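Note sheet for the following structure.
Numbering (this note's numbering), first residue to last: 306 to 555.
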């Protein structure tokens with residue numbers, strides 16, 4: 306999701322940095338780097354510089370995708386960082402401290418997190434202004450949603466009072482099936498008032514996976530497919546939310 310949203314924002318003229326915070330490097334692979342473990346400077350390198358209070362190599366480690374976004378990649382070294390963080394003072398703040406070194410260069414920094422609620426995900430939540438929660442239109446992903454929302458609530462209370470949930474984004478939707486309609490209705494009933502369900506949704510399409518395997522966005526791979534239309538709507542909704550917030554603050 307992060308790759309296509311990020312490139313959608315770049316197409317709208319925004320300066321975007323994508324951060325892969327998953328040791329499996331899924332975002333990195335989807336942007337055309339099939340062997341993340343061969344990349345010399347990654348998010349793990351940059352966070353270790355912060356931990357060791359060394360001069361950051363952040364600029365050297367930022368990769369540039371030809372669809373207009375920057376990428377801070379990840380590989381399995383990030384798993385080692387999670388272990389290292391267990392003995393670090395203020396371990397939840399390390400990613401935030403690193404992001405402060407690049408924040409002024411971008412309009413949007415999108416952090417792609419792993420599904421688990423480990424210390425890297427906590428770091429991402431502490432660093433973020435807003436959270437978009439992608440939920441597949443299926444039963445099992447919905448089950449873990451309550452735990453994530455509880456974690457977000459705790460992080461907001463104790464570590465990042467400015468954190469807010471942009472909304473739940475329903476993905477891999479096939480509204481031709483009653484099952485998808487039932488899951489959507491359940492999400493709306495359970496979380497529509499408190500958390501909010503985003504107006505946009507991402508239809509199921511094999512073309513999304515095909516685009517990722519080619520290292521390009523859905524906009525370049527299949528611009529007219531329903532999934533591309535979904536990501537286009539999502540991009541506009543995110544931009545509209547930012548504009549509304551700016552007007553409110555002013």
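Ideal Cβ positions, reconstructed from N, Cα and C, are used throughout, including at glycine.
The structure presented is a predicted model; accordingly, all values stated were derived computationally and were not measured.
*asked:* Check whether the stretch 491 to 507 and the stretch 535 to 544 are in contact - that is, three or more C-beta pairs closer than 8 Å.
replied: yes
_Just to check my reading of the structure: residue 524 and residue 306 have Cβ atoms closer than 8 Å, yes? What is that Cβ distance to the nearest angstrom?_
Contact doesn't hold; Cβ gap of about 13 Å is too wide.
_Could you compute how far the alpha carbon of residue 516 sits from the alpha carbon of residue 357?_
38 Å
*Output the distance between the C-alpha atoms of residue 522 and residue 456, rounded to the nearest integer angstrom.*
31 Å
*asked:* Between the alpha carbons of residue 343 and residue 490, how many angstroms are there, rounded?
replied: 44 Å
*By how many angstroms is the C-alpha of residue 478 removed from the C-alpha of residue 395?*
40 Å
*asked:* Could you check whether residue 370 and residue 336 sit closer than 8 Å to each other, using their CB atoms as the reference points?
replied: yes
*When the distance is taken between beta carbons, is residue 469 closer than 8 Å to residue 435?*
yes
*Check residue 482 in the structure and name its three-state DSSP category.*
coil
*In angstroms with no decimal places, state the Cα-to-Cα distance between residue 382 and residue 541.*
35 Å
*Who are the near neighbours of residue 413 in its chain, counting only those whose CB is closer than 6 Å to its CB and skipping five residues on each side?*
314, 319, 321
*Apart from the five residues on each side of it in sequence, which residues of its chain come closer than 6 Å, Cβ to Cβ, to residue 373?*
315
_Start and end residues, beta strand (DSSP E) containing residue 326_ = 321 to 326
*Which residue spans inside the stretch 406 to 449 form an unbroken beta strand (DSSP E) run of at least 3?*
413 to 418, 435 to 441
_Distance check for residue 493 and residue 475, CA to CA, integer angstroms please._
10 Å
*From the DSSP output, in three-state form, read off residue 509 for me.*
coil
*Could you tell me whether the Cβ atoms of residue 367 and residue 403 are closer together than 8 Å?*
no
*Jot down the residue ranges of each uninterrupted beta strand (DSSP E) in the stretch 354 to 380, minimum 3 residues, whole runs only, in chain order.*
374 to 377
*By a C-beta neighbour count over all protein chains shown, 10 Å radius and 16 as the cutoff for buried, is residue 339 buried or exposed?*
exposed
*Just how far apart, CA to CA, sit residue 406 and residue 482?*
47 Å
*Around the Cβ of residue 401, are there at least 16 other Cβ atoms within 10 angstroms (buried) or fewer (exposed)?*
buried
*CB contact flag (residue 430, residue 440, <8 Å)*: no
*State the start and end residues of the unbroken alpha helix (DSSP H) segment that holds residue 388.*
382 to 390
_As assigned by DSSP and simplified to three states, the class of residue 457_ = helix
_Taking its Cβ as the centre, do 16 or more other Cβ atoms sit within 10 Å of residue 409, making it buried, or is it exposed?_
exposed
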